[in-house]
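All remarks here apply to the structure that follows.
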Amino acid sequence: AYNIKRSNVSGGPYTTVAPLVTATSYLDTGLSASTTYYYVISAVNAAGGESADSAEAGQITRPATTAGLSVMAGNTRAILSWTATFGATSYNVKRATTSGGPYTTVASNVTTTGYTNTSLVNGTTYYYVVSSVNAGGEGFNSTQATITPQSITVIKDNSDSTGITITGTWTTSTSIAGY
Numbered sequence: 173a174y175n176i177k178r179s180n181v182s183g184g185p186y187t188t189v190a191p192l193v194t195a196t197s198y199l200d201t202g203l204s205a206s207t208t209y210y211y212v213i214s215a216v217n218a219a220g221g222e223s224a225d226s227a228e229a230g231q232i233t234r235p236a237t238t239a240g241l242s243v244m245a246g247n248t249r250a251i252l253s254w255t256a257t258f259g260a261t262s263y264n265v266k267r268a269t270t271s272g273g274p275y276t277t278v279a280s281n282v283t284t285t286g287y288t289n290t291s292l293v294n295g296t297t298y299y300y301v302v303s304s305v306n307a308g309g310e311g312f313n314s315t316q317a318t319i320t321p322q323s324i325t326v327i328k329d330n331s332d333s334t335g336i337t338i339t340g341t342w343t344t345s346t347s348i349a350g351y
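Numbering (this note's numbering), first residue to last: 173 to 351.
Written out as structure tokens, the structure reads:
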């Protein structure tokens, strides 16, 4: 059997998180996102004797789920923004034409908290999710955001000096500054 030990400091001290494991693999759950954990393993014989600890192995956990995804429609485009995720080094933007997916990655290694998806079909509904990425892997998908791009026609009436007329349909953004 084996004792699995963990620390969040390289070199320990280590706490036994799984005593007397008989398998040669172990899934450690309930860990904090974007945190590096260090592990050692010791062997335990039938008499209860324990070997010295193995060499240390470090593993960073995946980042947390990306939050705050919002999307604004434009003419043949979707303008996405989200809240920065602690520990994320980049983001994957995914899109589907069916609610709940399956999603296709339309942009990977995005290093900002926004992305504009162009060349969309006006009148088609799109469903977006974003996932955060770090050295530990890819986090879970964000909550889905939905958008239907629409064409907007701007007509300037040169005989009317009071302004312009805009026709079409759109949604007012309450979460993207400046719109």
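Even for Gly, the Cβ is constructed at its ideal location relative to N, Cα and C.
None of these values were measured; they are calculated from a predicted model.
- Going by beta carbons, S314 and A236 fall outside the 8 Å limit.
- Annotation: Y209 to T187 spans about 11 Å, alpha carbon to alpha carbon.
- By the Cβ-count criterion, L199 is exposed, with fewer than 16 other Cβ atoms from all chains shown falling within 10 Å of its own Cβ.
- In this structure, the beta-carbon distance from V265 to I319 does not fall below 8 Å.
- With fewer than three CB-CB distances shorter than 8 Å, the segment 275 to 294 does not count as touching the segment 207 to 227.
- Taking 3 residues as the shortest admissible run, the segment 239 to 269 contains the following complete beta strand (DSSP E) segments, listed from N- to C-terminal end: 242 to 246, 249 to 253 and 262 to 268.
- Nearest C-alpha to A250 among G183, G309, L192 and Y299: Y299.
- Under DSSP, S291 shares a beta bridge with no residue.
- For G308, no pairing in a beta bridge is given by DSSP.
- In the three-state scheme derived from DSSP, where H, G and I count as helix and E and B as strand, N180 is classed as coil.
- Approximately 6 Å separates the beta-carbon atoms of A260 and N306; this is inside 8 Å, confirming the contact.
- Relative to the Cα of S182, the nearest Cα in the group L252, V193, T248 and Q231 belongs to Q231.
- A direct Cα-Cα distance of roughly 20 Å separates T196 from T233.
- No residue range can be given for Q316, since it is assigned to no beta strand (DSSP E) and is classified by DSSP as neither H nor E.
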